[in-house]
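Step one of this worksheet: look at the structure below.
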């Protein structure tokens, strides 16, 4: 398949995904905006006044990067898992699989659609954060790199989940029992320096902690973890999940009856 045709195929899938979540923005963009606004009001403003400063910043400033990252993670994952599973459920994915479109184009198209939704929601939450607190980007390249790689990683995870899911209930298992606990324990609302030494060590096993702290460093210039470890985890994770995505599409596991 010539490169220009691959480019057309990629853009077709990507724009279809973007149109999908923008067309139903009341379901895809508005709920996370309302949820994050409530987080800022309750945790950042009301409770934050009682907590005071954290890591040299007001509590609202401290939690803002974590809330942005949480919104990106959940929405990037949800977009791909729900969209690709719907295509599989309706059997429309068969048309793509029997076409000459390379598997990596199929994966990239859906994943970049998830990244687009994740970054869009992240931008909305950022604008909301600016109404509650003052934020300025300390390290622009790190900020964008971390949020883009994180959205890519969880879009790939959502893709794999959708391939193996047997029902719509299956695509909610990972977000409910894995992503939500890891996110809340990932340093979004607190610094791990507040924890005893043992639990600090346990927390370092949580990959989302490193992502949140790397993004916080990009915004505020402070972090509780190693930036090198965060980027290494993201790059290795993206590489592994992209390879796994290609494998499951190649073997068509869960895609054909």
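Numbering (my numbering), first residue to last: 15 to 271. Using N, Cα and C, we set each Cβ at its ideal position, and we do this for glycine too. These figures come from a predicted structure and were not determined experimentally.
Nearest to residue 15 by C-alpha distance, out of 118, 152 and 237, is 118. In the three-state reduction of the DSSP assignment, residue 113 falls in the coil class, being assigned neither a helical nor a strand state.
Looking only at 212, 93 and 255, the smallest Cα-Cα distance to residue 171 is reached by 255. Under a 10 Å Cβ-count criterion, residue 38 is classified as exposed, with fewer than 16 other Cβ atoms of the shown protein chains found around its own Cβ. Distance from residue 233 to residue 141 at the Cβ level is roughly 14 Å; contact not present, criterion being Cβ atoms closer than 8 Å. The beta carbon of residue 20 lies closer than 6 Å to those of 119 in the same chain, with the five residues before and after it left out. Around residue 85, the same chain offers 46, 50, 135, 136 and 139 as residues with beta carbons nearer than 7 Å, after the five sequence neighbours per side are excluded. Less than 8 Å separates the beta-carbon of residue 200 from that of residue 226. Residue 48 and residue 60 have their C-alpha atoms spaced approximately 17 Å apart. Residue 72 places its beta carbon less than 8 Å from that of residue 62. When DSSP states are grouped into helix, strand and coil, residue 68 belongs to the strand group. Judged by pairs of C-beta atoms under 8 Å, the region 208-218 does not touch the region 173-191, as fewer than three such pairs exist.
Counting C-beta pairs with one atom in each stretch, the region 153-169 and the region 125-132 have three or more that are closer than 8 Å, which means they touch. Nearest neighbour of residue 153 by Cα position, chosen from 122, 44, 230 and 221, turns out to be 230.
Residue environment: residue 144 is assigned as exposed (fewer than 16 neighbouring CB atoms within 10 Å of its CB, all protein chains considered). Residue 50: member of the alpha helix (DSSP H) spanning 44-53, first to last residue. Apart from the 5 residues on each side of it in sequence, residue 114 sits with its Cβ closer than 6 Å to the Cβ of 15 in its chain, given in chain order.
The shortest CA-to-CA distance from residue 263 to any of 23, 70 and 110 is the one to 110. Residue 83 sits close to residue 161, with the two beta carbons spaced by under 8 Å. Setting aside the 5 residues that flank it on each side, residue 116 is surrounded in the same chain by 15 and 20, each with a C-beta closer than 7 Å to its C-beta; the list follows chain order. Within 10 angstroms of the beta-carbon of residue 33 lie fewer than 16 other beta-carbons, which makes it exposed. Judged by their CB atoms, residue 131 and residue 93 are nearer to each other than the 8 Å cut-off. In this structure, the straight-line span from the alpha carbon of residue 29 to that of residue 98 is close to 14 Å. Using a Cβ distance threshold of 8 Å, residue 219 and residue 163 do not count as a contacting pair. In the structure shown, residue 224 adopts helical secondary structure according to DSSP, grouped into three states.
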